[in-house]
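K.L.:
Numbering (the numbering used here), first residue to last: 1497 to 1849.
(1) Which whole runs of the alpha helix (DSSP H) in the region 1570–1651 are 4 residues long or more, in chain order?
(2) For residue 1832, which beta-bridge partners are listed by DSSP?
(3) Here's a check: name, in chain order, each residue in its chain whose Cβ is nearer than 6 angstroms to the Cβ of residue 1562, leaving out the five neighbours to either side.
(4) Which full runs of the beta strand (DSSP E) of 3+ residues lie inside the region 1746–1776, going along the chain?
(5) Is it right to say residue 1627 is buried, meaning 16 or more other beta carbons lie within 10 angstroms of its own, or is it exposed?
(6) For residue 1665, does the count of other Cβ atoms within 10 angstroms reach 16, so buried, or fall short, so exposed?
(7) Is DSSP giving residue 1702 helix, strand or coil here?
(8) With distances taken between CB atoms, is the gap from residue 1812 to residue 1838 smaller than 8 angstroms?
(9) Can we say the region 1610–1625 touches the region 1740–1758, given the rule of at least three CB pairs closer than 8 angstroms?
(10) Which ranges does the alpha helix (DSSP H) cover as unbroken runs of at least 4 residues, wholly within the region 1515–1560, from first to last along the chain?
(11) Hey, which unbroken runs of the alpha helix (DSSP H) at 4 residues or more fall wholly within the region 1704–1731?
(12) In terms of alpha-carbon separation, which member of 1615, 1830 and 1643 lies closest to residue 1711?
(13) What does residue 1743 pair with, by DSSP beta-bridge criteria?
(14) Classify residue 1699: buried if its beta carbon has 16 or more other beta carbons within 10 angstroms, exposed otherwise.
(15) Please report how far the alpha carbon of residue 1527 lies from the alpha carbon of residue 1643, in whole angstroms.
(16) Let's test the definition: count the other Cβ atoms within 10 Å of the Cβ of residue 1826 and tell me whether it reaches 16, buried, or not, exposed.
(17) For residue 1663, does the three-state DSSP call read helix, strand or coil?
(18) Using a Cβ distance threshold of 8 angstroms, determine whether the region 1588–1600 contacts the region 1633–1648, with at least three qualifying pairs required.
(19) Buried or exposed: residue 1734, going by 16 or more other Cβ atoms within 10 Å of its Cβ?
(20) My understanding is that residue 1582 touches residue 1533, with C-beta atoms under 8 angstroms, so please give their C-beta distance in whole angstroms.
(21) Under three-state DSSP, which class holds residue 1838?
(22) According to DSSP, is residue 1782 helix, strand or coil?
(23) Return the first residue and the last residue of the beta strand (DSSP E) that residue 1824 is part of.
(24) For residue 1777, which option in 1769, 1770 and 1786 has the closest C-alpha, if you only look at C-alpha atoms?
(25) Please determine, among 1595, 1630, 1629 and 1631, the residue with the shortest C-alpha to C-alpha distance to residue 1614.
(26) Sort out for me which residues DSSP pairs residue 1567 with in a bridge.
(27) Am I right that residue 1721 and residue 1630 are in contact with their C-beta atoms under 8 angstroms? What's the rounded C-beta distance?
(28) Is residue 1809 helix, strand or coil by DSSP?
(29) I need the straight-line Cα distance from residue 1574 to residue 1632, nearest angstrom please.
(30) From residue 1691 to residue 1522, what distance separates their C-alpha atoms?
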């Protein structure tokens, strides 16, 4: 998606390029009724009312959706107004993911975020007044300088507001950024590993105590409000990704046409459909990948479904059980509470076989 920093000309070209990409895939998916739509991976809420309407109209004119399809839009606090909300509702968007990140004003300033705490609260109130009953809030844990008390405050505020879903993320440090430079020089002040685990542990316990289901490693939902879009992803189902940097996964391939906005626009100008990045999955690799994704879920991986691949991974599974990272019963294999904190270690062990 184009961000606020993009020029109006670039936003216009983006919509034109997206239409070309929609045309390209129209025949391939003309008989598919999609179960979910996720507008994000960028900042669709930064588009003007007219551009947002055009974006949604383009999608609606090219693809079909099931009557009960889940339509989600990512929103930056402060971007919305009543007109944009009306456009979203007219297209059937009923789920919003609001990028709060934290309710600590000082941290937002250090992150150089465009919004402040008041923007988050104002956007949330506007969404509620407009009838939205399914709102997720994103929070980044382990932010520079943030303490356990800061995390308690942010999650406590979200619970008090009454959000239906909470997604947690770890801060990703990118090279060639201000944070990347500070981190390289040891000046970023990130929490150490023990503190990170304490923050995750607190978040898990606190949200569960407040009637949230811990249904995936870093996702929590009130009963009936699990993200259907994400569940399809964790089930390793096919998906179509459109726009700059978006991955698609179908016909045994995972690929993306571009890594960013400029490359995407350039390729669309020339009708260049060669992938920027592509992986062809063998049946065995897909089976292992499906197992790892299933382990992210609270119910884990069904033993019966994954019996062939579990037999091949028996040695590693036994090792991880002895280490207290996996638990197994006749029905399922699951991450232990400790294994949830060390999930990457588990996934690395199982995928290296």
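All C-beta atoms in this analysis are idealised placements derived from N, C-alpha and C, irrespective of residue type, glycine included. Just so it is clear, the structure is predicted and the values come from calculations on it, not from any experiment.
P.N.:
Inspection of the coordinates gives the following:
(1) 1578–1586, 1601–1606 and 1613–1625
(2) BP columns for residue 1832 are empty, so no partner.
(3) 1529 and 1531
(4) 1749–1752 and 1773–1776
(5) exposed
(6) exposed
(7) helix
(8) no
(9) In this structure the region 1610–1625 does not lie against the region 1740–1758, because fewer than three pairs of beta carbons, one per stretch, are closer than 8 angstroms.
(10) Residue ranges of uninterrupted alpha helix (DSSP H) with 4 or more members, entirely inside the region 1515–1560 and ordered along the chain, are 1545–1558.
(11) 1724–1730
(12) With distances taken between Cα atoms, residue 1711 lies closest to 1830.
(13) 1752
(14) buried
(15) C-alpha separation (whole angstroms): 51 angstroms.
(16) exposed
(17) strand
(18) With the rule of 3 Cβ pairs closer than 8 angstroms, the region 1588–1600 counts as touching the region 1633–1648.
(19) exposed
(20) With a beta-carbon spacing of about 18 angstroms, residue 1582 and residue 1533 fall beyond the 8 angstroms limit used to define contacts.
(21) In this structure, DSSP gives residue 1838 a state outside helix and strand, which the three-state scheme calls coil.
(22) helix
(23) 1822–1824
(24) 1786
(25) 1595
(26) In DSSP, residue 1567 forms a bridge with 1533.
(27) 6 angstroms
(28) If DSSP states are grouped into helix, strand and coil, residue 1809 belongs with coil.
(29) 16 angstroms
(30) 49 angstroms
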